[in-house]
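Protein sequences, first through last, are from chains Y and R.
Under the working numbering, residues 1 to 371 are what the first sequence spells out, in order.
Under the working numbering, residues 372 to 742 are what the second sequence spells out, in order.
From the three backbone atoms N, C-alpha and C, an ideal C-beta is built for every residue, glycine too.
Report on one structure; see the data block that follows.
2 protein chains.
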Amino acid sequence: MDILIHRDELVRALARAQGIVEKRPTLPILSAVLLQTTPEGLRATATDKTMTVIGDYAATVRSSGEVAVDANNFFQIAKVLSGDIVTLTVIDNGRLEVRAGASVFKLSTFNAADFPVTPALDQARSLAMESGALRRVIDRVHFAVAPDDNRYGLNGAHVEDTSVSDGAVVRFVGTDGNRLCWAQAPYKGELGIGKKMLLPRKGLGEIRKLLDGYEGDVQIAFGDRAALVQYPGILVHLRLLEADFPDYRQVLPASFKRRVVVDRDVLREALRRVSILATDATNSVRFQFTSDALQLSARKADAGDGKEDVPVELQGEPISMGFNARFMVEVLSAMQGSRVALELGEALAPCILRDLDDDNALFVVMPVRLD
Amino acid sequence: MDILIHRDELVRALARAQGIVEKRPTLPILSAVLLQTTPEGLRATATDKTMTVIGDYAATVRSSGEVAVDANNFFQIAKVLSGDIVTLTVIDNGRLEVRAGASVFKLSTFNAADFPVTPALDQARSLAMESGALRRVIDRVHFAVAPDDNRYGLNGAHVEDTSVSDGAVVRFVGTDGNRLCWAQAPYKGELGIGKKMLLPRKGLGEIRKLLDGYEGDVQIAFGDRAALVQYPGILVHLRLLEADFPDYRQVLPASFKRRVVVDRDVLREALRRVSILATDATNSVRFQFTSDALQLSARKADAGDGKEDVPVELQGEPISMGFNARFMVEVLSAMQGSRVALELGEALAPCILRDLDDDNALFVVMPVRLD
Numbered sequence: 001m002d003i004l005i006h007r008d009e010l011v012r013a014l015a016r017a018q019g020i021v022e023k024r025p026t027l028p029i030l031s032a033v034l035l036q037t038t039p040e041g042l043r044a045t046a047t048d049k050t051m052t053v054i055g056d057y058a059a060t061v062r063s064s065g066e067v068a069v070d071a072n073n074f075f076q077i078a079k080v081l082s083g084d085i086v087t088l089t090v091i092d093n094g095r096l097e098v099r100a101g102a103s104v105f106k107l108s109t110f111n112a113a114d115f116p117v118t119p120a121l122d123q124a125r126s127l128a129m130e131s132g133a134l135r136r137v138i139d140r141v142h143f144a145v146a147p148d149d150n151r152y153g154l155n156g157a158h159v160e161d162t163s164v165s166d167g168a169v170v171r172f173v174g175t176d177g178n179r180l181c182w183a184q185a186p187y188k189g190e191l192g193i194g195k196k197m198l199l200p201r202k203g204l205g206e207i208r209k210l211l212d213g214y215e216g217d218v219q220i221a222f223g224d225r226a227a228l229v230q231y232p233g234i235l236v237h238l239r240l241l242e243a244d245f246p247d248y249r250q251v252l253p254a255s256f257k258r259r260v261v262v263d264r265d266v267l268r269e270a271l272r273r274v275s276i277l278a279t280d281a282t283n284s285v286r287f288q289f290t291s292d293a294l295q296l297s298a299r300k301a302d303a304g305d306g307k308e309d310v311p312v313e314l315q316g317e318p319i320s321m322g323f324n325a326r327f328m329v330e331v332l333s334a335m336q337g338s339r340v341a342l343e344l345g346e347a348l349a350p351c352i353l354r355d356l357d358d359d360n361a362l363f364v365v366m367p368v369r370l371d
Numbered sequence: 372m373d374i375l376i377h378r379d380e381l382v383r384a385l386a387r388a389q390g391i392v393e394k395r396p397t398l399p400i401l402s403a404v405l406l407q408t409t410p411e412g413l414r415a416t417a418t419d420k421t422m423t424v425i426g427d428y429a430a431t432v433r434s435s436g437e438v439a440v441d442a443n444n445f446f447q448i449a450k451v452l453s454g455d456i457v458t459l460t461v462i463d464n465g466r467l468e469v470r471a472g473a474s475v476f477k478l479s480t481f482n483a484a485d486f487p488v489t490p491a492l493d494q495a496r497s498l499a500m501e502s503g504a505l506r507r508v509i510d511r512v513h514f515a516v517a518p519d520d521n522r523y524g525l526n527g528a529h530v531e532d533t534s535v536s537d538g539a540v541v542r543f544v545g546t547d548g549n550r551l552c553w554a555q556a557p558y559k560g561e562l563g564i565g566k567k568m569l570l571p572r573k574g575l576g577e578i579r580k581l582l583d584g585y586e587g588d589v590q591i592a593f594g595d596r597a598a599l600v601q602y603p604g605i606l607v608h609l610r611l612l613e614a615d616f617p618d619y620r621q622v623l624p625a626s627f628k629r630r631v632v633v634d635r636d637v638l639r640e641a642l643r644r645v646s647i648l649a650t651d652a653t654n655s656v657r658f659q660f661t662s663d664a665l666q667l668s669a670r671k672a673d674a675g676d677g678k679e680d681v682p683v684e685l686q687g688e689p690i691s692m693g694f695n696a697r698f699m700v701e702v703l704s705a706m707q708g709s710r711v712a713l714e715l716g717e718a719l720a721p722c723i724l725r726d727l728d729d730d731n732a733l734f735v736v737m738p739v740r741l742d
């Protein structure tokens, strides 16, 4: 293997790879990025065994071949290389020689044949979504997926078909038990719905990163236990979680007794300020709704208390309830419109938040009991 | 106490205070900033018992008084306040009411009378230095002061008079045993030299921060066990370290066998690259000097090796020696000129580095033994 590659292109390939590989891999080869020449350039593959990302990058191939090197180590080096063009050559003893400017690095390598084979997906059906729509859906759902819950089914985003007569629609749903968010977008093609369609949290986050700066269609194919996400130059293989997602519709209140409309930024910033005086562990802030104002208040032992009034329009009876400020701020930050509606029941019933500029997403936050 | 203060001015006062107070104070009051009205505005005092910073800030005093509040807590709140003007009022129960925009915070307070009294300095003599000159001296010395050495005298910067017939000059010296740096600048007035003139590392760093953005003279007065640093609006009281600084002139070689001139940035960047493949613990890089080139090389087990050639001018015989890359990079970063001279003896003798654009500083790095 002997190739010339632009430093920025190499850094892009390795930045992606080192984000995928495990920090403390169970097998040393799992810390490696597999580099392979293709007729068009360089292919870089990284995996943590639950997900595999294969990316194609522009390079001039002088001699074909493949090699596996420690992804993080190579990334640290590539970032600081001088000169625009980097030469990558597998030399006699199997090491990878990296030349750029006045620098010469000779990197230890793994046997490329030991690199895990990406499993195939025996699934011909796939759907296509606009990259912007997929970014929007992930941004509204990813933060609400549980990071590492022992209710295993909460550790992924549930995917389902919510098509109506006039169009095909796919919905992603995430919840950690404290809040629940769904967002949906139209698709073309076929959504092959399996029984358990749970995209793991890390994979969803990595796909979101890969979508940055890409405009165009993204293809998604679901198999029984895996999904493929691809666009020109990128292919991601994701193992689906083998677990059950709860019947989330059960927690969505069918009706509400109170409806509050409020400016999203004003509420979020007021909440951020008041929550500085919320108790660290619970982060709970009192929301006292009256006909024209929401008074936020918090108290922290030994520190003091804070309160702030936010103008609102309330339909229904005044009520006082508590929320975890961080959960509420994160939901408000995942919205885009300037105004938001809160649909409330009694003090301990779930609160539904709707972005008044976006019908294709819904957010639920569970209240907390106030002392 | 009842005052109006611009939010930015309050944030400036509290940012300084929370940098001084201890994170885990031995006495609760040591986490507090003391706020006192003056005829001109607000005075804020913070201390960690080894140093005290007193700052004056513009404010409109409607009613005089004083109060002590948790510095970090108040800083977190002040940072996010809305509106330009903040009202600070001590209310009935002794709490401090903070009003800004739609927010009202009521902060717990300490008894202001419990706040430690800043000791007086019975020292009439003081010197004056240009703030830019003092910044320059601290920037060249502070990083080399030991952060927490059991050779207690290394934990401060040594101050001495190096005046010559045509002008008064003060020199600061710092060393952690691995490198040694001194820098000096002219002064006006009187330098009252005590026996042990050791400015503690943290105090030196805080003074450097306080000098940012200030142009004009800085007054420094040394007492037996403390120093006062002041400029209009700021007064810093520093306890000097009660320890002996080593006789640093003994480690400075009187002559050299080799002299190398090299571009500072080129050497520093090459060193940064090659050191990625240095062993983490020792960080050692081989410097192989020949008549026209310096070859840097490093090797890390299991990762690989790196090398790079840097053009140099060498007077004297070729030699190969080792340096801790981080120590060398930090010294090169503390210089300003484009070219630097390395004065070398044998492989394990101290290396003196001189900024060819600056006679008023000197840097020494100890070599390391190569395997």
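- Residues Glu-330 and Ala-334 of the same chain have their beta carbon placed closer than 7 Å to that of Phe-143 (chain Y), with the five preceding and five following residues left out of the count.
- For Ala-439 (chain R), the closest C-alpha among the options R:Gly-604, R:Thr-418 and R:Trp-553 is that of R:Thr-418.
- The beta-carbon of Lys-678 (chain R) is placed less than 8 Å from the nearest beta-carbon of chain Y.
- Under the 8 Å Cβ criterion, the segment 443-450 of chain R does not count as touching the segment 619-626 of chain R, having fewer than three qualifying pairs.
- In this structure, DSSP gives Val-236 (chain Y) an extended state, which the three-state scheme calls strand.
- Cβ contact annotation for Arg-433 (chain R) (same chain, cutoff 6 Å, sequence separation greater than five): Asp-373, in chain order.
- Among the bridge pairs identified by DSSP, Tyr-428 (chain R) is matched with R:Leu-413.
- Assigned with DSSP and collapsed to three states, Ser-435 (chain R) falls in coil, not helix or strand.
- One thing to note: Val-739 (chain R) has its Cβ within 8 Å of the Cβ of Ser-655 (chain R).
- A direct Cα-to-Cα measurement between Pro-682 (chain R) and Leu-665 (chain R) gives close to 6 Å.
- Look at Ser-291 (chain Y): its C-beta is not under 8 Å from any C-beta on chain R.
- At a C-beta separation below 7 Å, Asn-73 (chain Y) has these neighbours in chain R: Ala-674.
- For Arg-643 (chain R), the enclosing alpha helix (DSSP H) has its first and last residue at 635-645.
- With respect to the 8 Å criterion, Gly-708 (chain R) and Asp-726 (chain R) are classified as neighbours on the basis of their beta carbons.
- Within the model, the alpha-carbon separation for Pro-119 (chain Y) versus Asn-521 (chain R) is close to 57 Å.
- Close to Lys-23 (chain Y), with beta-carbon spacing below 7 Å, lies no residue of chain R; the smallest spacing is near 15 Å.
- In this structure, DSSP gives Arg-369 (chain Y) a state outside helix and strand, which the three-state scheme calls coil.
- Going by beta carbons, Arg-12 (chain Y) and Gly-83 (chain Y) fall outside the 8 Å limit.
- With contacts defined by Cβ atoms closer than 8 Å, Arg-630 (chain R) and Gly-687 (chain R) form a contacting pair.
- Around the C-beta of Gly-213 (chain Y), fewer than 16 other C-beta atoms lie within 10 Å, and the residue is accordingly described as exposed.
- Contact note: Leu-452 (chain R) reaches chain Y through Arg-273, using a C-beta cutoff of 8 Å and chain order.
- Sequence-distant partners of Met-328 (chain Y) (beyond 5 residues in either direction) whose C-beta falls short of 7 Å from its own C-beta, in its chain, are Leu-271 and Val-365.
- In the displayed model, Gln-336 (chain Y) falls within coil according to three-state DSSP, outside both helix and strand.
- Any Cβ of chain Y closer than 8 Å to the Cβ of Arg-378 (chain R) would place that residue at the interface, and such an atom is absent.
- Fewer than three beta-carbon pairs drawn from the segment 547-558 of chain R and the segment 570-583 of chain R are found closer than 8 Å, and the two stretches are therefore not classed as touching.
- Of the other Cβ atoms in all chains shown, fewer than 16 fall within 10 Å of the Cβ of Ala-301 (chain Y); this residue is therefore exposed.
- Here the segment 496-503 of chain R lies against the segment 586-599 of chain R, with 3 or more beta-carbon pairs under 8 Å apart.
- One Cα belongs to Pro-689 (chain R), the other to Thr-661 (chain R), and the distance between them is close to 5 Å.
- Under the three-pair Cβ rule at 8 Å, the segment 236-247 of chain Y counts as touching the segment 51-58 of chain Y.
- For Val-90 (chain Y), the enclosing beta strand (DSSP E) has its first and last residue at 85-90.
- For Leu-569 (chain R), the enclosing beta strand (DSSP E) begins and ends at 569-571.
- Close partners of Asp-455 (chain R) in chain Y (Cβ separation under 9 Å) are lacking, with about 15 Å as the shortest Cβ gap.
- With fewer than 16 other beta carbons inside 10 angstroms of its own, Ala-484 (chain R) counts as exposed.
- Straight through space, the alpha carbons of Val-404 (chain R) and Pro-25 (chain Y) are spaced by roughly 47 Å.
- Listed along the chain, the chain Y residues whose CB falls inside 8 Å of the CB of Ala-473 (chain R) are Ala-270, Glu-308, Asp-309 and Val-310.
- Beta-bridge partners of Leu-381 (chain R) (DSSP): none assigned.
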